[in-house]
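Quick note: to get the numbering used here, add 53 to the position in the sequence shown (first position is 1). Idealized CB from N, CA, C, for every residue including glycine. All values reported here derive from a predicted model rather than from experimental measurement. Below you'll find the structure, written out as structure tokens, and then a few comments.
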Amino acid sequence: MSISPEIIDLISKYSFNLFFAILIIRFIYHKNNERKNDFVFTYFMFNSLIFFFAYILGSLTINMGFAFGLFAVFAILRYRTNTIPIKEMTYLFIVITIGVINSLSGDTVDISVLILTNTILTMMAYLLENYWQKNYLISRSITYKKIENLKPENHDQLLIDLKNNTGLDIKSFDIKRMNLETGSARIKIYSKN
């Protein structure tokens, strides 16, 4: 019994797709976001579902419209479900894009173009996640109650107190609003974690 060329094509394309999906999901996303394991399952499933869905329907002549239609459906889903952080939504679109590109690439697309496209997307995710994102400070607004530390001469003590109370590696802060009646202030803190 011989394996049909269609099955060989499906297996080879899916293996290629899965290779890049594993690189992005496991070795870029998960490595840098280990506390967010709940998205890893979603990314692998979406990538595989989109790949097989697009592969099976890809023989029709609606390839480009079909691809954009998938993005429209998932963009709508984004607003109909629980809020997903923008970074996780971006990774979702990356794995969807890779699934669509790899499944709809017919005989007219050279394998070197596919390798280059997948490599560029993977490298962009890697570089942004590991270099640009590492230097990016996250901001949070908090209410602070020790009004005496808000004086300019006590800002060193304020920074120490903020670090101790939040457990965050705070790099800087801005006092946004002071309420002398309640003895509190609204402070925006900037940290790496």
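Quick one: what's residue i bridged to in DSSP?
i: A107; result: BP columns for A107 are empty, so no partner.
i: N232; result: S237
i: Y243; result: S192, S225
i: Y197; result: A238
Note down, in chain order, each residue of its chain lying with its Cβ closer than 6 Å to the Cβ of residue i, except the 5 sequence neighbours on either side.
i: S237; result: T196, K198
i: T95; result: none
i: R193; result: I242
i: L212; result: none
i: Y108; result: S156
i: N85; result: E182
i: T210; result: For the record, residue 210 in the displayed sequence is Gln; it is not Thr. Excluding residues within five positions, the ones whose Cβ falls inside 6 Å are N202.
i: R82; result: In the sequence as displayed, the identity of residue 82 is Tyr instead of Arg. Contacts found: Y144.
i: F226; result: I240, I242
Between residue i and the rest of its own chain, which residues show a CB-CB distance below 7 Å, the 5 nearest in sequence each way excluded?
i: F104; result: Y67, N70, G152, N155, S156
i: I228; result: L203, A238, I240
i: I61; result: none
i: V148; result: A74, I77, I78, Y96, F99, N100
At which residues does the alpha helix (DSSP H) containing residue i begin and terminate?
i: T136; result: Per DSSP, T136 belongs to no alpha helix (DSSP H) and is neither H nor E.
i: T172; result: 164-180
i: D160; result: Here D160 belongs to no alpha helix (DSSP H), and DSSP marks it neither H nor E.
i: E59; result: 58-77
i: H208; result: 208-219
Between residue i and chain D, is the shortest Cβ-Cβ distance under 8 Å, so that the two count as touching?
i: P205; result: This model lacks chain D altogether, as it is built from one protein chain only.
Kindly indicate which three-state DSSP category residue i falls into: helix, strand or coil?
i: N202; result: helix
i: M54; result: coil
i: K89; result: coil
Sorted by chain position, which residues of the same chain lie with C-beta nearer than 8 Å to residue i's C-beta, five sequence neighbours on each side aside?
i: K224; result: L190, Y243, S244, K245
i: P205; result: none
i: G122; result: none
Note to self: Quick check: the segment 170-188 against the segment 222-234, are at least 3 beta-carbon pairs closer than 8 Å?
What the structure shows: no
Check: Is there contact between the segment 158-165 and the segment 204-224, where contact requires at least three CB pairs shorter than 8 Å?
Finding: No, because fewer than three Cβ pairs between the segment 158-165 and the segment 204-224 fall closer than 8 Å, the two stretches do not touch.
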